[in-house]
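Encoded as structure tokens, the structure appears first; notes follow it.
Number of protein chains: 2
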Amino acid sequence: MIWNSGWRLASAVSNAGGLGIIGSGSMYPNVLLEHVRKCKAATNKPFAVNIPMLYPAVEEHVATVIAERVPIVFTSAGNPATWTAKLKDAGITVVHVTASVKFALKAEKAGVDAVVAEGFEAGGHNGREETTTLVLVPLVRDAVQVPVIAAGGIADGRAMLAAMALGADGVQMGSRFACSVESSAHPAFKQHVVESREGDTLLTLKELAPVRLMRNKFFDEVQAAYARCATPEELKQVLGRARAKRGMFEGDLEEGELEIGQVAAGIREVLPAAVIVEQVMKEFEGEQRRIAAMGTAW
Amino acid sequence: MIWNSGWRLASAVSNAGGLGIIGSGSMYPNVLLEHVRKCKAATNKPFAVNIPMLYPAVEEHVATVIAERVPIVFTSAGNPATWTAKLKDAGITVVHVTASVKFALKAEKAGVDAVVAEGFEAGGHNGREETTTLVLVPLVRDAVQVPVIAAGGIADGRAMLAAMALGADGVQMGSRFACSVESSAHPAFKQHVVESREGDTLLTLKELAPVRLMRNKFFDEVQAAYARCATPEELKQVLGRARAKRGMFEGDLEEGELEIGQVAAGIREVLPAAVIVEQVMKEFEGEQRRIAAMGTAW
């Protein structure tokens, strides 16, 4: 959710009854501090900060969330053992994002309060095993004792109920909120996501750090580099710098990196976060009643 | 389900209350005829034959199912327009296996009675869009009027209920039955699947015909060919012939092609098909009650 989820989106989701998450991956330390303070001013409800450990400024971000008494931190893209104890010692609830049973167990051992089990269909950075949400959630559910939050491929109440049926205690939704009014993403990016169809995202850069992107000129250049068996160095050259900002924040749909989940194909309009939360919960309850009324199939 | 689902498995599933499917892809015409006749002798319940259109003998197989009055045919891996009318004219119920909305609509237009929406996590041949079951099923559900059968990643009652929550009218399970007592697969293959873990299967051969395989020596050779940018011709050389038979039917776990779904990681024992059907339905009903009792989360 880098370049998408700042204080506006996080506070809007929290005010609507969800748990809003500030995505700190794209932020300099002073920027995160500003977002956390604005988020606190905009909501009295709990909110969280996601700290992806592959970006710089992790240490500063950890210091910020502790100093600002952020109630919940989602760590991701790194070793859960590195920061969990320090965050827990500061009284913070820690959730670690994982894409495999192996890392879910590692996170549990590190003392996290919950894990996110995020499947192959998720946007942005992704696991190497390519395990989908449908397969991953029950595996993680059966392996750990802590609560499991399902992520990847979830953008409506049907998928939320499906995730609960698989054993999840809650769900995390990224792509749907990337297309909310309050998302910091460029309007052109949001519109592009809304118009996208199945097959428009693919997982790439598997040798460096697997990431799910929308197909565009930049994506094609990456694929062409693979086709000619480019070295990792050449690949990094193709990648260049600040592609994610260029694509998602500045709205350059051709040269930018457009991170979004497969479920983009099912997202049809840009709505306020509160409306999304309400729609999802209504669909969830409707499906719940339908499932209950199905009777025994047997 | 080639080399896995013959008359023994199909009749066992049908007798247990499911719809057993004979996989004809690996069969010569006379072999399919024998399996259909034995299946009829072994069950009074409806059963089906799957005809993947990418194998030879499609025309003979179509003639066989018509002559033998097989009640239901699942077509796959080809254009649904080619055989649907002929099969329907013979009074056969036709289901087409698809991996995208585009092909689901094409199948509906061709007059099929139902579609299978099969996600990226499925074993064996697979779609090019890599859309997962969680994302695909609601997209197909919203696009077509005919019943939708979810496939890929479904091996227990939890996943079955999840698929129903996504809008599916039924589910198709392959990998779980590949590991049944009645599956024709070699015991060594079944045991290997039971012992496998997440990440042990990957989708490969994307340029030829995408297929999900277990990692083994043969798989590594394919990946090495990709790493050196082998031509399609060289790739075909590496593939050789009869790899699927060698792996799944003859139990050569190193040199053979081992087709199975991601959900293999969650399959823990080889059981009779009837026990599998009963377990799945019990889990399904248990989950259904749990979901109904959840109350409103809102």
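Protein chains in written order, with the working numbering: chain U, 1 to 298; chain Y, 1001 to 1298. C-beta atoms are modelled at their ideal positions from N, C-alpha and C, and glycine is treated no differently.
Determine the chain Y residues that contact proline 138/U at a beta-carbon separation under 8 Å, and present them in chain order.
-> Asp1156, Arg1158, Ala1159, Gly1266
Step through the CB atoms of chain Y and report whether any lies within less than 9 Å of the CB of aspartate 252/U.
-> no
Using DSSP with H/G/I as helix, E/B as strand and the rest coil, what is proline 1147/Y?
-> coil
Do you know offhand how far alanine 1273/Y's Cα is from glycine 1017/Y's?
-> For alanine 1273/Y and glycine 1017/Y, the distance between alpha carbons rounds to 10 Å.
Length-filtered (4 minimum) alpha helix (DSSP H) runs lying within the region 54 to 80 of chain U | 58 to 67
If you pair each beta-carbon of the region 1107 to 1118 of chain Y with each one of the region 1145 to 1158 of chain Y, do three or more pairs fall below 8 Å?
-> yes
9 Å Cβ cutoff met for phenylalanine 120/U and threonine 1132/Y = yes
Assumed close pair alanine 1165/Y, arginine 158/U - CB separation to whole angstroms, cut-off 8 Å = Their Cβ separation, rounded to whole angstroms, is 6 Å, which keeps alanine 1165/Y and arginine 158/U in contact under 8 Å.
For the beta strand (DSSP E) holding leucine 203/U, just list the boundary residues, first then last.
-> 201 to 204
Local Cβ density within 10 Å of proline 187/U, reported as buried at 16 or more and exposed below that | exposed
State whether the region 38 to 47 of chain U contacts the region 281 to 291 of chain U, with contact taken as three or more CB pairs (one from each stretch) at a distance under 8 Å.
-> no
Give a yes or no on whether the minimum CB-CB distance between arginine 1176/Y and chain U is below 9 Å.
-> no
Taking only beta-carbon positions, decide if lysine 109/U is within less than 9 Å of chain Y.
-> Among the CB atoms of chain Y, none fall inside 9 Å of the CB of lysine 109/U.
Does the distance from the C-beta atom of alanine 1117/Y to that of alanine 1048/Y stay below 9 Å?
-> no
Any beta-carbon of chain Y closer than 9 Å to the one on methionine 164/U?
-> yes
Look at valine 1101/Y and leucine 1136/Y and say whether their C-beta atoms are less than 9 Å apart.
-> Yes, these two residues count as a Cβ contact at 9 Å.
Three-state secondary structure (DSSP) of glycine 153/U | coil
Counting only beta-carbon atoms, is glycine 18/U nearer than 9 Å to chain A?
-> Protein chains U and Y are contained in the structure displayed, whereas chain A is not.
Could you spell out the range, first to last residue, of the alpha helix (DSSP H) harbouring isoleucine 1276/Y?
-> 1273 to 1293
For asparagine 126/U versus proline 52/U, is the C-beta distance shorter than 9 Å?
-> no
Which residues in the same chain have their Cβ closer than 6 Å to the Cβ of glycine 1251/Y, if we skip the five residues on either side of it in sequence?
-> Cβ within range, chain order: His1186, Ala1188, Phe1189.
To the nearest angstrom, how far is it from the Cα of leucine 1253/Y to the Cα of alanine 1122/Y?
-> 20 Å
Please decide whether glycine 1119/Y counts as near chain U, where near means a Cβ-Cβ distance under 9 Å.
-> yes
Looking only at DSSP bridge pairs, what is phenylalanine 1047/Y linked to?
-> The partner list for phenylalanine 1047/Y (beta bridge, DSSP) reads Gly1020/Y.
Neighbour flag for cysteine 1229/Y against chain U, beta carbons, 9 Å = yes
For valine 1097/Y, which of Ser1011/Y, Ala1224/Y, Arg1215/Y, Gly1152/Y has the nearest alpha-carbon?
-> Measuring from the Cα of valine 1097/Y, the nearest candidate turns out to be Gly1152/Y.
Helix or strand or just coil, what does DSSP make of histidine 35/U?
-> helix
With a 10 Å radius around its C-beta and 16 neighbouring C-beta atoms as the bar for buried, classify proline 232/U as buried or exposed.
-> exposed
Between the beta-carbon of leucine 33/U and the beta-carbon of glutamate 68/U, is there less than 9 Å?
-> yes
When DSSP labels each residue in this structure, what does proline 1210/Y get in the three-state scheme?
-> coil
Quick one: what's got a C-beta closer than 7 Å to serine 24/U's C-beta in the same chain, skipping five residues either side?
-> Leu32, Val49, Asn50, Ile51, His61
Grouping DSSP H, G and I as helix and E and B as strand, with all else coil, what is serine 14/U?
-> helix
Please confirm if leucine 37/U has its CB atom under 9 Å from at least one CB of chain Y.
-> Note that residue 37/U is arginine in the sequence shown, not leucine. So no, arginine 37/U is outside the interface.
How is glycine 1123/Y classed by DSSP in three states: helix, strand or coil?
-> coil
The region 174 to 184 of chain U / the region 1003 to 1013 of chain Y touching (three or more Cβ pairs under 8 Å) | no
Limits of the alpha helix (DSSP H) - the one that threonine 1084/Y falls within = 1084 to 1089
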